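Chemist: Numbering (our numbering), first residue to last: 2 to 523. Note that CB positions come from ideal geometry on N, CA and C, so glycine has one too. Model, not experiment: these values are computed from the prediction. What follows is a structure written as structure tokens; I'll ask about it next.
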Amino acid sequence: GPENLDAQPSGNSVELSWDISYCDHATGYNIYRRADSLGYVPDHCVTGVPPETGYVLIGSTEGVDNTEFIDDTGLALGLKYCYMVTATFPDGAESQPSLESCAILIKDLPVITNVSVGLTNLTNGRDTIIWSNPTELNPVQFPGPYHYKVYRGDEYNEPDQLIFTSPDANEIIGYPDTVFVDEGINTQSQANTFRIDLYSDDFFVGSTFSTPSIFISTIPNDNKLTVVWDDRTPWIHEYYEVYKFDEDLGEFVYLDSVVGSLDQYTDTGLVNLETYCYYVKAFGSYASSSILSTLINYSQETCGIPWDRTPPCPPELTVESDCEAGENFLIWTNPNNSCADDVIAYTIYYSPTLSDNPEDFEPIVNILSATDTTYLFTDLLSVAGCYAVTASDSLLQDPDGNFTQNESDFSNIVCVDNCPEFAMPNVFTPNNDGVNDVLLPISSRHIKEVVFNVYNRWGTIVFQTNNPQIEWDGKDMNSNEVVSDGVYFYTITIESILLDGNQTTAQSGYVYVFTNQANTTK
């Protein structure tokens with residue numbers, strides 16, 4: 002990979018430089034960044050920068066000779082930023098990464114270290130904002146006197162409301178007041194974002210990174226609550242402590258800790274429809290030695306009510322189809338025997354066409370017993386179709402008093418098809434003796450429609466129908482009289498019902514008519 006990568010802080014940016022790639026067919030370079038050092042040394046077989054390193058692609062350069070890059074996007078004072086560079090090639094491939102190089106921005110502006118919720122309330126909440134003075138501000142360029150302006154924004158919006166202006170001070174390093182308590186605000190239903198602007202006399206020097214408070218919420222589920230926090234603070238997140246209100250003690254007690262890379266904690270073993278309250282204590286740090294080593298910030302307090310929102314796991318379905326009998330026998334597993342404990346009902350879904358999309362299915366049968374895991378469909382004109390089964394759990398109340406029931410995902414979808422069959426006899430006797438008086442097919446199964454024509458020996462059509470059962474009584478459709486004995490030719494086009502669409506086939510043959518009559522229509 003590229004050699005001698007060097008990262009140098011320059012104001013609010015970091016300037017990078019490296020040696021030209023020794024691969025003369027390289028076309029440019031990719032630049033990767035992460036907060037804090039990893040000490041990663043790539044294996045000789047590794048190309049590119051593996052995502053598990055935490056490095057993120059932030060830019061690129063074009064041309065093998067273009068070996069400089071300025072990173073001025075989203076950098077916060079007090080953090081150590083580390084970089085790796087790879088060479089890129091015409092086919093999109095990358096070289097091995099360089100060794101990492103790191104830099105800490107010059108601390109010539111204030112740095113926010115705390116935005117901590119001190120009181121949770123919808124209208125009378127309290128946030129405490131603490132910042133660290135700049136230690137490398139140029140007094141010749143900015144001679145003072147100095148003062149700060151504190152701005153607030155609702156939620157995660159850019160702070161635009163001026164809420165405090167500090168008095169002037171001649172010395173910025175030992176500035177006496179770098180704490181501001183913002184009271185009478187909503188800390189219950191939203192985060193609040195703050196920014197500190199530094200002024201030398203009336204000249205604007207610069208701003209801190211806009212920093213919000215930590216906001217937590219709860220996600221209810223069956224006998225558990227998941228506490229989720231949104232921490233957008235710019236410093237390194239080391240770990241979090243979760244606290245829970247103890248009704249017996251009347252105070253919050255420590256529950257557990259979570260590493261800084263995670264943003265949630267699940268509290269289990271709870272009683273559904275009871276209220277539980279939490280807050281999070283966050284521990285973080287900057288890389289700069291001029292900033293307090295451990296930063297502690299509190300979220301607001303929030304409460305949640307667990308209730309069953311977890312659907313059961315789906316059953317496993319099999320279908321035994323008896324095409325000739327017109328029956329489909331469905332068999333499925335009971336999730337209570339494997340992965341659930343509260344299934345009480347099933348729903349059978351059906352699609353008449355071949356599909357694996359649940360939106361194409363309609364519910365056709367409800368079964369109100371967890372142990373009843375079979376169903377037989379009988380007397381089906383068509384056995385073709387696709388089936389799925391879902392499981393539903395107990396009917397329970399949610400926190401609003403509404404009764405709800407969780408339904409599982411679809412089981413595996415099982416499709417079965419018809420076995421179309423159509424066959425004609427070669428003789429019938431339309432003589433009104435009650436035996437074989439009507440021409441009927443020997444078999445007609447899963448047939449939607451036919452086009453059936455009968456011809457006499459002169460090629461004249463004497464009978465036609467679209468009825469799959471034919472039902473010719475032997476009469477000439479032109480004269481309404483029974484045709485004379487003889488051999489008649491027929492053609493038939495058959496439209497069969499199949500799962501993936503109807504299929505058309507053609508047949509032809511001869512039928513012998515015996516009537517003991519002597520008219521001349523054959």
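What runs of the beta strand (DSSP E), each 3 residues or longer, lie entirely inside the segment 407 to 480?
Modeler: Entirely contained in the segment 407 to 480, the beta strand (DSSP E) runs reaching 3 residues are, in chain order, 415 to 417, 422 to 424, 444 to 446, 448 to 456, 462 to 466.
Chemist: Given Tyr369, which residues of its chain have a CB within under 8 Å of its CB, disregarding the five upstream and five downstream residues?
Modeler: According to the sequence provided, residue 369 is Leu. The question's Tyr does not apply to it. Ile345, Ala346, listed in sequence order.
Chemist: On the three-state DSSP scale, how would you describe Thr521?
Modeler: Note that Thr521 has pLDDT 44, beneath the 50 cutoff, so the model's placement of it is unreliable and no number is given.
Chemist: Asp249: which of Arg196, Tyr277, Tyr84, Cys324 sits nearest, CA to CA?
Modeler: Of Arg196, Tyr277, Tyr84, Cys324, the residue nearest in Cα terms is Tyr277.
Chemist: Give the DSSP-derived three-state secondary structure of Glu321 in the structure shown.
Modeler: Reduced to three states, the DSSP call for Glu321 is strand.
Chemist: Check whether the Cβ of Gln97 lies closer than 6 Å to any heavy atom of the ligand PLP, and answer yes or no.
Modeler: As presented, the structure is devoid of all ligands, the ligand PLP included, so that no description of it is given.
Chemist: Beta carbon of Ala104, beta carbon of Pro10: below 7 Å?
Modeler: Contact: yes.
Chemist: So is Asn467 buried or exposed if we call it buried at 16+ other beta carbons inside 10 Å?
Modeler: Its Cβ having fewer than 16 others within 10 Å, Asn467 is exposed.
Chemist: Can Pro213 and Thr188 be called in contact, C-beta distance under 7 Å?
Modeler: No, they are not a contact pair.
Chemist: Confirm, please, whether the CB-CB distance from Val15 to Tyr82 is below 7 Å.
Modeler: Against a cut-off of 7 Å, the Cβ pair of Val15 and Tyr82 comes out as a contact.
Chemist: Could you check where the beta strand (DSSP E) with Val514 kicks off and where it finishes?
Modeler: From DSSP, the beta strand (DSSP E) with Val514 extends over 504 to 514.
Chemist: For the structure I just gave you, are there three or more beta carbon pairs, one from the segment 270 to 286 and one from the segment 195 to 209, closer than 8 Å?
Modeler: Touching, no.
Chemist: DSSP state of Glu184, grouped into three classes?
Modeler: In the structure shown, Glu184 sits in a strand (DSSP, three-state: E or B).
Chemist: Give me the Cα-Cα distance between Tyr511 and Gly327, rounded to the nearest whole angstrom.
Modeler: Taking the straight line joining both Cα atoms gives about 30 Å.
Chemist: Who are the near neighbours of Asp231 in its chain, counting only those whose CB is closer than 6 Å to its CB and skipping five residues on each side?
Modeler: Taken in chain order, the residues that qualify are Phe216.
Chemist: Can the beta-carbon of Ser96 be found less than 7 Å from the beta-carbon of Gly12?
Modeler: Not a contact, by the Cβ cut-off of 7 Å.
Chemist: Kindly list the residues whose CB is nearer than 8 Å to the CB of Thr521, restricted to its own chain and excluding five residues on each side of it in sequence; keep chain order.
Modeler: Low per-residue confidence applies at Thr521: pLDDT is 44, beneath 50, and the placement is therefore not dependable enough to give any value.
Chemist: If you count every other CB in all the chains shown that lies within 10 Å of the CB of Trp333, and 16 or more means buried, which is it?
Modeler: Under this definition Trp333 is a buried residue.
Chemist: Quick check on Pro52: does DSSP put it in helix, strand or coil?
Modeler: Three-state DSSP puts Pro52 in a helix.
Chemist: Assuming Asn407 contacts Pro312 (C-beta within less than 8 Å), just tell me the rounded distance between them.
Modeler: Right, the Cβ-Cβ distance comes to about 4 Å (below 8 Å), so this counts as a contact.
Chemist: Considering only the alpha carbon of each residue, which of Leu80, Val50, Ile71 lies closest to Ala94?
Modeler: Comparing Cα-Cα distances from Ala94 to each of Leu80, Val50, Ile71, the minimum goes to Val50.
Chemist: Quick one: grab the DSSP three-state call for Asn125.
Modeler: The answer is coil: DSSP assigns Asn125 none of H, G, I, E or B.
Chemist: Is it right to say Pro1 is buried, meaning 16 or more other beta carbons lie within 10 angstroms of its own, or is it exposed?
Modeler: Missing from the structure shown is residue 1; the chain here goes from 2 to 523 and no further.
Chemist: Whose C-beta lies closer than 8 Å to the C-beta of Gly29 among residues of the same chain, with five residues either side of it excluded?
Modeler: Same-chain partners within the cutoff: Ser61, Thr62, Glu63, Gly64, Val65, Asn67, Ala88, Thr89.
Chemist: Quick check on the DSSP output: the beta strand (DSSP E) that includes Val384 runs from which residue to which?
Modeler: Careful: Val384 lies outside any beta strand (DSSP E) and carries neither H nor E.
Chemist: Are Ser258 and Tyr240 closer than 7 Å when you measure CB to CB?
Modeler: A contact, by the Cβ cut-off of 7 Å.
Chemist: Where do the N-terminal and C-terminal ends of the beta strand (DSSP E) with Lys282 fall, by residue?
Modeler: Note, Lys282: beta strand (DSSP E), 277 to 286.
Chemist: Compute the Euclidean distance between the alpha carbons of Gln398 and Asp309, then round it to the nearest angstrom.
Modeler: Their Cα atoms are separated by approximately 9 Å.
Chemist: Out of Asp169, Ile164, Leu123, which one is the CA nearest neighbour of Ser190?
Modeler: Nearest option by C-alpha distance: Leu123.
Chemist: Assign Glu4 to one of three DSSP states: helix, strand, or coil.
Modeler: If DSSP states are grouped into helix, strand and coil, Glu4 belongs with coil.
Chemist: Alpha carbons only, please: which of Asn5, Asp361, Asn419, Cys46 is nearest the one belonging to Asn504?
Modeler: First, the amino acid is wrong: residue 504 is Gln here, not Asn. Ranking the options by Cα distance to Gln504, first place goes to Asn419.
Chemist: In whole angstroms, what separates the C-alpha of Gly386 from that of Glu317?
Modeler: One C-alpha to the other measures close to 18 Å.
Chemist: On a CA-only basis, which of Pro421, Asn481, Trp459 is nearest Ser497? Give me that one, please.
Modeler: Comparing Cα positions, the closest option is Pro421.
Chemist: If you count every other CB in all the chains shown that lies within 10 Å of the CB of Arg34, and 16 or more means buried, which is it?
Modeler: It counts as buried.
Chemist: Give me the Cβ distance between Asp183 and Arg127, rounded to the nearest whole Å; I'm assuming they're in contact under 8 Å.
Modeler: Right, their Cβ atoms sit about 7 Å apart.
Chemist: For Gly12, which three-state DSSP category applies?
Modeler: Looking at Gly12 - three-state DSSP - the assignment turns out to be coil, as it is neither helix nor strand.
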